[in-house]
Amino acid sequence: MDAAAAHAFAIPPVSVHRPTTAVEDIITLAAGVWLLTGTYVDGWAHNNLRDLETFFTPWHAILYSGFAACAVWIAALTWRRHVPGTRWMEAVPAGHGTAAAGVVLFLASGIGDFAWHSVFGIEQNISALFSPSHLGLATGGFLILGAPFSAAWHAPQRPWPQLMPAFVSAMLAGMVAAFILQEFAVFSRHGLIQTFTTAAGTQPAVTVPTSSSIMVSLATFLVSTFALFVPVLLLSLRWRLHAVVPAVMVLVPSVALQIMVALRDAWLLPVAVAGSVLVGAVWAVVRPAPGRPARLMTAAGLSPVVFWAPYFAGVALHDGSLSFSPEVWSGTLVWTGLGMLALAALTLKAVRAGTTATAEDSAR
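FYI, in the numbering used here the residues of the sequence shown are 837 to 1200.
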């Protein structure tokens, strides 16, 4: 690993950027929830309404007013910290540099989105997720919503109550990723793992999937796993989490995704609750902590396995059977666990390398 990559995970030195207070982080978070609500409401409209023919919609009003609240608040934080005669960039609060960049990107993408809709019309379903302007909006929103997490990362010794905005921030940023990757979100629709045959006058019946559909399904589970559990992993690299935290962090996005598609598979909600409870149980038993890499990797590897197992069970109970053979569904569980285990091992190695590099620099 080169020095640049190592420093990316190192504890940053004290800088001229003043940190935010707990109250300021809560206000940042409230504006972020406003922005994310608008994002999911707009997603609901694209998923459930037809003939969207204008940029000026109620859901766009929620989305862009939420962005305006975020932009004004981040600007106010910077204004309050600015000292005459110093550069404005130095007045940006610690950990909020990426959020400021996110504001600029979101604004540019919003203007581009208006132009895109004017030329090409309003996208529907999966097309909306490939629009360059929408990808820019998602990236900008991701950077903005991650501000309290980034601020806490720069000050890891904060008291426990002041860390709650950071935890929620990480979850909200993950929900942006889950939103833009919703076509790979298995909690949006269970048809991603089931193959049906239909005949005139009969109900759809579960049948054997093709090899290509199995590979697509595996990809959806891996993408969904990373979107849900990477925020939990990042928090765990810095702080020891109470078991409730990872359970809530995987439950809320799963429920939000199902609400966004108008609860078309509402029976998946208790499945999500069951999976999140099992994730919390894993963390309560294993008790991972930043200074215990083996436990952290164990929890990271087991969590997606216990989370997705109730999903397969719930689908089987609802449809009467699974398209997947035991080898495929159990192998999918193993793949998700191995994916998070590998990611945890790599990030832990990067953290250790970054800490070592920082210590060596300080000794010079």
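Where a beta carbon is used, it is the ideal one built from N, C-alpha and C, also for glycine.
DSSP on residue i, reduced to helix/strand/coil?
i            : result
residue 934  : helix
residue 1032 : strand
residue 991  : coil
residue 1042 : strand
residue 929  : coil
residue 907  : helix
residue 856  : coil
residue 920  : coil
residue 1064 : helix
residue 1156 : coil
residue 914  : helix
residue 940  : helix
Suppose you measure from the CA of residue i to the CA of residue j; what does that come to, to the nearest Å?
i            : j            : result
residue 841  : residue 1056 : Annotation note: pLDDT 44 at residue 841 (below 50); position unreliable, no value reported.
residue 919  : residue 854  : 11 Å
residue 953  : residue 1049 : 33 Å
residue 843  : residue 1123 : Below a pLDDT of 50, predicted positions are generally treated as unreliable, and residue 843, at 45, falls in that range; the measurement from the model is reported next regardless. Each residue's alpha carbon lies about 27 Å from the other.
residue 1075 : residue 1170 : 27 Å
residue 1098 : residue 948  : 28 Å
residue 1133 : residue 1126 : 10 Å
residue 866  : residue 976  : 17 Å
residue 895  : residue 881  : 7 Å
residue 857  : residue 1138 : 35 Å
residue 903  : residue 1188 : 37 Å
residue 955  : residue 969  : 13 Å
residue 884  : residue 1186 : 43 Å
residue 944  : residue 861  : 25 Å
Quick one: does residue i have its CB under 8 Å from some CB of chain D?
i           : result
residue 983 : The question asks about chain D, but that chain is absent: this structure has only one protein chain.
Since residue i contacts residue j with CB under 8 Å, what's their CB separation in whole angstroms?
i            : j            : result
residue 1121 : residue 1083 : Not confirmed; about 13 Å, so no contact.
residue 1177 : residue 1136 : 6 Å
residue 1158 : residue 1148 : 7 Å
residue 863  : residue 909  : 6 Å
residue 974  : residue 1012 : 6 Å
Hey, quick one: how far does the alpha helix (DSSP H) through residue i stretch, first residue to last?
i            : result
residue 962  : It is not in any alpha helix (DSSP H) - residue 962 carries neither H nor E in the DSSP assignment.
residue 1003 : 996-1016
residue 978  : 968-981
Please give the ranges of any alpha helix (DSSP H) in the segment 1069-1149, keeping only runs that are unbroken, at least 4 residues long and fully inside the region. Runs of the alpha helix (DSSP H) inside the segment 1069-1149: 1080-1096 and 1104-1122.
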